[in-house]
Each structure stands twice: as C-alpha cells, then as structure tokens.
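Enquirer: Encoded as structure tokens, here's the structure I'll be asking about.
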Amino acid sequence: MKWLLWILLCPHLLFFTAAVMSCPPLKDGQTFSVFCNHSTTLDSSQVLEWTIERYQNVDLSVANCSLSNQTCSGPFSARLKVNGSFVESNLTDVKASTSYRNFKCRLSPSRMSAWSPCSGALVVYTPPENVTCDLPTVGTNVTVTCRTSKVSPGIRCEFFTRWSGDSASTKVNGTIEYKNEEYSLRVDGELVPYNASNCTLTVPRTSFLSGSHEISVRMFSSSNASKTDAVNSTAGSVTLGEYLCGTQYVFGT
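The sequence shown lines up with residues -19 to -1, 1 to 234 when you count with mature numbering (1 follows the signal peptide of the UniProt record, and there is no 0).
Below, the structure written as structure tokens:
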C-alpha cells in the first residue's frame, strides 16, 4: 500500500510536495490546509476520516467523507474526490492552534497517518505579548533586561542602540541570556504550555562611545526564524561619560 501526504502551510493555500517544501512554523490563528491522497482497493462503503492530534495526544475527529457520494461533514471543512482506485482529500481553511500537534487521514477500515515533514509534528507559535524592558544599568558592563508575559514556545531577542545624533540604530553584539517560566493555559479544551520569558543583554561599557545611547529590543518567537510578528520595545536611554579618574554615568529615560 502506497500513500503520500502533503501539508499546506501558507495563507494562500498553495500546495508543496514533501520534496521541495520548507515547512515553516505556523502562527497561532493562521489559516492553512492539509492534503492527502491514497491508492488502494476502494469500497464505496468506506469513509475517510480526518482527525487532529492535539497537545495531550487525544485525537479529535473533525471531518468524515463518504466515498459513495464524495461529500464531507463535520466541524471542519473538507473535500473528497475519488478517481478509480485513487482517493484524495483536502481539509481546508484550518486555523492553526497551539493545541494542534499533527493531522491524520484515516481510510476505514485501513489507516494512514498524516506524514509531516515538520519532524513528525506541526509547529505552531505565539508571538510575544506585553513586552517591557527595564532601564539599562551601568557598571563595568551595560545590562538590559526585557520580558514578555506570554510566548510559545520561547523567545529570541536582538538589541539595538542609537547614539545621540544618529538617525539609524545599530545592532549590539553582546551576551544574551534567556530565562523561561512555564505555565499552562486552556486552549480548545486542552492544557497548552506557554512561557513568561526574559532576555538579558550584557555588553562591556567600553563598547559604547561617550554620549547618549537609546537601547531597544526586537523580540520574536524562537520558532519564528523569519522574525515576522516581532515586537519592538525601547529600554530607555543611558548617557555615558568619559573616563576621568573613573567613569561617570548619567542615566536617562
């Protein structure tokens, strides 16, 4: 028995085969579709069932399609087409949820599990929410901490500085440490883990010229490599004095 499955992962509902598809993560709430086909000895009494494997590994039946009349019913929209011994089905206009782990296409009485090029699972992320930053602190190093109250699965941060008189910001190269505090929220009846996360930048004071520096952060989900839906926040400004018998620092916001 041979079967193939393609998973559509884009808001424009374009199909990608497994050979060429990059399988990007999905933003929570993003619309996408799943497609599978199957070649076997078909019986018109058979039913093709779509199920979703959710976070707690409980399969949820979302659509049933009859091979006899090629119609589908259920809480999710689906389509079915039969051509000889070949059957194909689309689960359409699905909204990604952090409670979803994978999809399965079951042809009764046989079973075929939805194959996904995403290492066997869908990746659904939530952008950081309520991003705030502490004022910079200065000693031997300049240190800035920024945080979010909700993100999934984690965060990545990029820090920038704009020197007084400059119109553009430049990326700060320093050490960034991450901390996560996991908690659970109920999503579609499932307990799904989220993180309250923070990132702390540490960079030597000598990396900065004297003068006023406005420090900001760009924060995005660790599963969102394209950095779309990134959240920007300003940590504040710090004015650094010259070395005169020691360094003088004046803080500002």
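For glycine and all other residues, C-beta sits at the position ideal for the given N, C-alpha and C.
In this text the structure is predicted, and so the values were computed from the model without any measurement.
#1: CB-CB under 8 Å to Gln51, same chain, minus the five flanking residues each way: which ones, in chain order?
#2: Going by the beta-carbon positions, is the gap between Asp169 and Ser80 smaller than 7 Å?
#3: Where does Tyr175 land, buried or exposed, given buried means 16+ other C-beta within 10 angstroms?
#4: Confirm, please, whether the CB-CB distance from Cys114 to Val198 is below 7 Å.
#5: Quick one: Cα of Ser145 to Cα of Thr73, how far?
#6: Give me, in chain order, the residues of the same chain whose beta-carbon lies closer than 8 Å to that of Leu7; leave out the 5 immediate sequence neighbours on both sides.
#7: Measuring alpha carbon to alpha carbon, tell me which residue in Met200, Arg87, Val39 is nearest Asn71.
#8: Identify which residue in Lys85, Asn161, Leu182 has its Cα closest to the Cα of Asn122.
#9: Drop a sphere of 10 angstroms on the beta-carbon of Phe201, count the other beta-carbons inside from all chains shown, and report buried for 16 or more, exposed for fewer.
#10: In this structure, what does DSSP give as the bridge partners for Asp40?
#11: Is it the case that the Cβ atoms of Val119 and Val219 are separated by a distance below 7 Å?
#12: Determine the burial state of Ser178: buried for a count of at least 16 other Cβ atoms within 10 Å of its Cβ, exposed for fewer.
#13: Which of helix, strand or coil does DSSP assign to Thr187?
#14: Report all residues from its chain with a CB closer than 7 Å to the CB of Gly65; omit the five preceding and five following residues, and keep chain order.
#15: Quick check on the burial criterion: 16 or more other C-beta atoms within 10 angstroms. Buried or exposed for Gly135?
#16: With burial defined as no fewer than 16 other Cβ atoms inside 10 Å of the residue's Cβ, what is the status of Pro108: buried or exposed?
#17: Where does Ser70 sit, in a helix, a strand or coil, going by DSSP?
#18: What does DSSP give as the partner residues of Asn83 in its beta bridges?
#19: Suppose you measure from the CA of Ser47 to the CA of Ile196; what does that come to, to the nearest Å?
#20: Report all residues from its chain with a CB closer than 8 Å to the CB of Tyr164; omit the five preceding and five following residues, and keep chain order.
#21: Counting along the chain, where does the beta strand (DSSP E) carrying Thr156 start and finish?
#22: Go through its chain and collect everything with a Cβ distance to Val125's Cβ below 6 Å, but skip five positions before and after it.
#23: So the beta strand (DSSP E) Pro108 belongs to, where does it begin and stop?
#24: Please determine, among Leu166, Thr187, Gly192, the residue with the shortest C-alpha to C-alpha distance to Arg143.
#25: If the criterion is Cβ atoms closer than 7 Å, does the pair Arg35 and Glu171 meet it?
#26: Can you check whether the CB of Glu30 is closer than 7 Å to the CB of residue 249?
Expert: According to the data block:
#1: Within the same chain, Gln51 has close Cβ partners Leu61, Lys62, Val63.
#2: In this structure, the beta-carbon distance from Asp169 to Ser80 falls below 7 Å.
#3: When all chains shown are included, Tyr175 counts as buried.
#4: Contact: yes.
#5: Here the C-alpha atom of Ser145 lies approximately 52 Å from the C-alpha atom of Thr73.
#6: In chain order, Leu(-11), Phe13, Ala77, Leu103, Val104, Val105, Tyr106 place their CB closer than 8 Å to the CB of Leu7, counting only its own chain and leaving out the 5 sequence neighbours on each side.
#7: Of Met200, Arg87, Val39, the residue nearest in Cα terms is Arg87.
#8: Of the residues Lys85, Asn161, Leu182, the one whose Cα lies closest to the Cα of Asn122 is Leu182.
#9: Buried: at least 16 other Cβ atoms inside 10 Å.
#10: Per DSSP, Glu34.
#11: Note that the C-beta distance between Val119 and Val219 is below 7 Å.
#12: With 16 or more Cβ atoms within 10 Å of its Cβ, Ser178 is classed as buried.
#13: Helix.
#14: Nothing listed; no residue qualifies.
#15: Buried: at least 16 other Cβ atoms inside 10 Å.
#16: Answer is buried; the Cβ neighbour count reaches 16.
#17: Annotated three-state conformation of Ser70 is strand, per DSSP.
#18: DSSP lists Glu34 as partners of Asn83.
#19: Within the model, the alpha-carbon separation for Ser47 versus Ile196 is close to 60 Å.
#20: Take Tyr164, set aside five residues on each side of it, and the residues of its chain with a beta-carbon closer than 8 Å to its own are Pro174, Tyr175, Asn176, Ala177, in chain order.
#21: Residues 156 to 168.
#22: For Val125, same chain residues with a beta-carbon under 6 Å away, outside a window of 5 residues either side, are Pro117, Leu182, Ile196, Ala216 in chain order.
#23: 105 to 110 is the span of the beta strand (DSSP E), which, as asked, contains Pro108.
#24: For the residues Leu166, Thr187, Gly192, the minimum Cα distance to Arg143 belongs to Gly192.
#25: Yes, the pair counts as a contact, with Cβ atoms nearer than the cut-off.
#26: This structure cannot settle anything about residue 249, because the visible part of the chain is limited to -19 through 234.
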